[in-house]
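Everything on this sheet refers to the single structure shown next.
2 protein chains.
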Amino acid sequence: MSRILVVDDDRQLLRALRINLIARGYDVVLAPDGATALAAASRQPPDLVVVDLGLPDMDGVEVVEGIRGWSSAPVIVLSARHLEQSKVRALDAGADDYVTKPFGMDELLARVRAALRRAAPASQEPVVETEAFTIDLAARRVTRDGADVRLTPTEWHLLEVLVRNAGRLVSQRQLLQEVWGPKYESETNYLRVYVAQLRGKLEPDPSRPRYLLTEPGMGYRFTP
Amino acid sequence: MSRILVVDDDRQLLRALRINLIARGYDVVLAPDGATALAAASRQPPDLVVVDLGLPDMDGVEVVEGIRGWSSAPVIVLSARHLEQSKVRALDAGADDYVTKPFGMDELLARVRAALRRAAPASQEPVVETEAFTIDLAARRVTRDGADVRLTPTEWHLLEVLVRNAGRLVSQRQLLQEVWGPKYESETNYLRVYVAQLRGKLEPDPSRPRYLLTEPGMGYRFTP
DNA sequence: CCGCCGCGTCAAGAAGGCGTCAAGATTGCC
DNA sequence: GGCAATCTTGACGCCTTCTTGACGCGGCGG
């Protein structure tokens, strides 16, 4: 089922959220601060993020913007601030919902369902098959000729972005931004190296790519 | 801009919403009850719906379900009921957000923006088809006879400008400005070269253009 | 009828991007 | 502390793309 990243420094609340979300069948990842959240998310990109505005290491809006940098997953903001201005800033920064503390658990769960429901059509695409290999996004597994293909974390991350945009051209900037972070936008070297590695592991004839195509000057495209 | 349907029986609130939404550039349609809302929506399908739960002719959840029947547009529910159960029912019925009265106008406007932002990608349909080829602007892909047509970045950029102005004449100045930059306004050579390349790749008979037409002395025109 | 301007065509040189490879740096694990 | 895997970095040659200039054709006006 869906993976939810919960970011909050209140251990008690974290615990309550974890119990309730797991009871509803969600896969839950917890993080006590923004830095931990970023690290956790790069390993396991979440389908939805619940984040408290009052984190110890970052400002609220900063957190939301940071999340928007690496994911299009819906973001629900929790906050003790009832100020209207605070809500407007968070929502305009990219948050999908704003819930003020204290809140009822049933309400939050309903808002989680609503957010996932709306985001679902675009994001989910569990298994992609080609004539040469199979990619299971949910299971994080690539199979070729019946055998698993070993991918490094970065290789996987890159492949995932391309596969989630199957058929579409993904610009070099977008790939670098999503896989290595906004600071690496100009490091096109990385793309050349890692695309070559993916081709070596996936393409029947790596010197004549059939699935991972280069669009010179623009970016790359995965075509199933 | 986006069309918003507002359903509420409180004339004063309706008036306030109308003024504020129109001031933000939205196209606003008003309805005092559920039946009127349904009629208005069939004539002018809205991009977003704001609906009060306490309507004279229908129950709240019924209204939301009714709206979901004819539209996938996001729904924001307004209600005086703070009861958690009421929120859960509305959200599970298909609402995207639930705002309790009284609320600040700025907050509501921010939630409207957030809902429209998330719904936006799905509503777009930027595919242009002709008898000879197909152009998918979102995927950056051109197909002809089932096969992909390889376009260089500049070729694509030029084609994109022409397609976005399909049917209209685009002046040479405008084309040069958008594709090569303001400094190249007089380099009409570029246009001749690149229009010819596009024709060679797209037109069935490049020497007798059918889609990429020249308007001597003026500019070029793409006719689907 | 002739000359001019604008458009289409072609090709070659210049510039920049891409694939490739391998060695050093870093990380994580035992 | 050492080993193994992974990531980063730089250099090189090839190929695509962009730029640029020359030429022919055709319509329009003189």
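So the protein lines, in turn, are chains A and B. Going by my numbering, the residue at position 157 of the first sequence is 155; the numbering climbs one at a time, nothing skipped. Going by my numbering, the residue at position 149 of the second sequence is 147; the numbering climbs one at a time, nothing skipped. Note that beta-carbon positions come from the ideal geometry of N, C-alpha and C, so glycine has one too.
Practice task
Find out if the Cβ-Cβ distance for the pair L53 of chain B, P72 of chain B is shorter than 9 Å.
Solution key: no
Practice task
Verify the CB distance criterion: does Y96 of chain A have a CB-CB separation below 9 Å to chain B?
Solution key: yes
Practice task
Decide if D134 of chain A is buried, meaning its Cβ has at least 16 other Cβ atoms within 10 Å, or exposed.
Solution key: exposed
Practice task
Please compile the residues from chain B whose C-beta is within a distance smaller than 7 Å of the C-beta of D104 of chain A.
Solution key: E82 and V86
Exercise for the section: Tell whether a beta-carbon distance below 9 Å holds between L200 of chain A and T186 of chain A. Expected result: no
Problem - Sub-9 Å separation of V59 of chain B and A88 of chain B beta-carbons - result: yes
Problem - Stretch pair the region 132 to 147 of chain B + the region 152 to 172 of chain A: three plus CB contacts closer than 8 Å - result: yes
Practice task
Please say whether L210 of chain A and L160 of chain A have beta carbons closer to each other than 9 Å?
Solution key: yes
Exercise for the section: Label D50 of chain A either buried or exposed according to how many other C-beta atoms from any shown protein chain fall within 10 Å of its C-beta, with 16 as the threshold for buried. Expected result: buried
Problem - beta strand (DSSP E) segment containing D25 of chain B, residue limits - result: D25 to A29
Practice task
Can you give me, in chain order, the residues of the region 151 to 177 of chain B that have a beta carbon less than 7 Å from any beta carbon in chain A?
Solution key: P151
Exercise for the section: Just the chain A side, please: which residues come within less than 8 Å of D8 of chain B by C-beta, in chain order? Expected result: Per Cβ cutoff of 8 Å: no residues; D8 of chain B is ~20 Å from chain A at best.
Handout entry: Where G64 of chain B sits in the DSSP three-state scheme
Key = helix
Practice task
Select from A:N18, A:M56 and A:Y24 the residue whose C-alpha is nearest the C-alpha of T34 of chain A.
Solution key: A:M56
Practice task
Starting from the C-beta of G32 of chain B, find all residues in its chain whose C-beta is less than 6 Å away, skip the five residues before and the five after it, and write them out in chain order.
Solution key: L53, D55, M56 and V61
Practice task
Return the chain-ordered list of same chain residues with a C-beta closer than 8 Å to the C-beta of V147 of chain B, the five sequence neighbours on each side being excluded.
Solution key: F131, V140, T141, K199 and L200
Handout entry: Where Y209 of chain A sits in the DSSP three-state scheme
Key = coil
Handout entry: Cross-chain neighbours of D90 of chain B in chain A, by beta carbon under 7 Å
Key = A108 and R111
Practice task
Could you pull the start and end residues of the beta strand (DSSP E) that L223 of chain A belongs to?
Solution key: Residue 223 of chain A cannot be examined here, being either before or after the span of chain A that is shown, -1 to 222.
Practice task
Report the rounded CA-to-CA distance for S84 of chain A versus L106 of chain B, giving the unit in angstroms.
Solution key: 13 Å
Problem - Residue range of the beta strand (DSSP E) that includes D134 of chain B - result: F131 to D134
Exercise for the section: Run down chain A in chain order and give the residues with a C-beta less than 8 Å from the C-beta of L142 of chain B. Expected result: As written in the sequence, residue 142 of chain B is Arg, which differs from the Leu given in the question. Near R142 of chain B there are no residues of chain A at all, since even the closest Cβ is about 16 Å away, more than 8 Å.
Exercise for the section: Can you give me the Cβ contacts of I17 of chain B inside the same chain, cut-off strictly under 6 Å, excluding the 5 residues immediately before and after it? Expected result: none
Practice task
Could you please tell me which residues of the region 207 to 219 of chain A, in chain order, have their CB closer than 9 Å to any CB of chain B?
Solution key: L211, E213, P214, G215, M216, G217 and R219
Problem - Rounded C-alpha distance that separates P224 of chain A from R171 of chain A - result: Residue 224 of chain A is absent from the structure shown; chain A starts at -1 and stops at 222.
Exercise for the section: Could you tell me the distance, in whole angstroms, from the CA atom of S70 of chain B to the CA atom of E158 of chain B? Expected result: 29 Å
Exercise for the section: Find out if the Cβ-Cβ distance for the pair E153 of chain B, Y182 of chain B is shorter than 9 Å. Expected result: no
Handout entry: Within-9 Å CB hit, T221 of chain A to chain B
Key = yes
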